[in-house]
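J.:
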Amino acid sequence: MRRKLHEPTVCPGCGAVFSAGRWQWIARPDGARERQCGACRRSAEKMPAGYLHIDGPFAAEHWTELLQLLRSREEQARTAHPMQRIMSIDTDGGATVITTTDVHLARNLGSALKSAYRGSLDLKYSPDAQLVRAHWRR
1041 MRRKLHEPTV CPGCGAVFSA GRWQWIARPD GARERQCGAC RRSAEKMPAG YLHIDGPFAA
1101 EHWTELLQLL RSREEQARTA HPMQRIMSID TDGGATVITT TDVHLARNLG SALKSAYRGS
1161 LDLKYSPDAQ LVRAHWRR
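So the number in the working numbering is just where the residue sits in the sequence shown, counting from 1, plus 1040.
This is how it looks when you write it as structure tokens:
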């Protein structure tokens, strides 16, 4: 059983602060306890909540601009929601797999690619909706 964190709590890995019932990017309060946040824990345990598979000839030809869009969207998401981060970007042959610490980020990155470059986006959620596999291709 998970217990609610004491407030304030600071993640020693990334410096995010748990305050007012959520993780935030704010200055470290005096007397804060330390505890690893969910995003740092997922990264350390290599347990992503989201996978975004990217493939197709268009993706290979325009990889630099696709990556720029993805990094920009991740930065926007992470600024507002500290638990939404890219964990890894792995390329194997012509396909790329991006893992994320949050279900919403993987979905939103796939949606950003579809909105900007069309193509097809398939989303598959686990039965408990704690994991998403997104696949964008063009």
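A virtual CB, placed ideally from N, CA and C, is assigned to each residue, including glycine. Keep in mind that this is a model prediction, so the values were computed, not measured.
Short of 8 Å in beta carbon distance, which residues of its chain neighbour threonine 1119, apart from the five on each side in sequence? Order them along the chain.
T.: So the list reads Trp1065, once near-sequence residues are dropped.
J.: Using a Cβ-Cβ distance cut-off of 8 Å, determine whether alanine 1135 contacts chain B.
T.: No chain B is part of this structure, which consists of one protein chain only.
J.: Output needed for glutamate 1074: all residues of its chain with C-beta closer than 8 Å, excluding positions within five of it in sequence on either side, in chain order.
T.: Correct list, in chain order: Thr1049, Val1050, Cys1051 and Pro1052.
J.: Please confirm whether alanine 1100 and glycine 1150 have their CB atoms less than 8 Å apart.
T.: Cβ distance not < 8 Å, so alanine 1100 and glycine 1150 don't count as in contact.
J.: Let's see if you can read the secondary structure: which residues bound the alpha helix (DSSP H) around histidine 1093?
T.: Where histidine 1093 is concerned, there is no enclosing alpha helix (DSSP H), although the beta strand (DSSP E) it sits in stretches over 1090–1095.
J.: For methionine 1123 versus tryptophan 1176, is the C-beta spacing smaller than 8 Å?
T.: No, the pair does not count as a contact, with Cβ atoms beyond the cut-off.
J.: Please say whether alanine 1174 and alanine 1156 have beta carbons closer to each other than 8 Å?
T.: Not in contact: alanine 1156 and alanine 1174 (Cβ atoms no closer than 8 Å).
J.: Quick one, are the C-beta atoms of threonine 1136 and isoleucine 1094 less than 8 Å apart?
T.: Against a cut-off of 8 Å, the Cβ pair of isoleucine 1094 and threonine 1136 comes out as a contact.
J.: Could you tell me the alpha carbon to alpha carbon distance between arginine 1178 and glycine 1159, rounded to whole angstroms?
T.: Each residue's alpha carbon lies about 5 Å from the other.
J.: Out of curiosity, what's the CA-to-CA distance linking serine 1166 and leucine 1092?
T.: Each residue's alpha carbon lies about 14 Å from the other.
J.: Given this structure, state the Cα-to-Cα distance separating aspartate 1168 from proline 1069, to the nearest angstrom.
T.: If I take the Cα positions, the gap works out to 35 Å.
J.: Taking the runs of the beta strand (DSSP E) that are 3 residues or longer, which of them lie wholly in the stretch 1112–1156?
T.: Counting whole runs of 3 or more residues, the stretch 1112–1156 contains the beta strand (DSSP E) stretches 1126–1132 and 1135–1140.
J.: For cysteine 1054, tell me which candidate among Thr1131, His1121 and Leu1161 has the shortest Cα-Cα distance.
T.: Of Thr1131, His1121 and Leu1161, the residue nearest in Cα terms is His1121.
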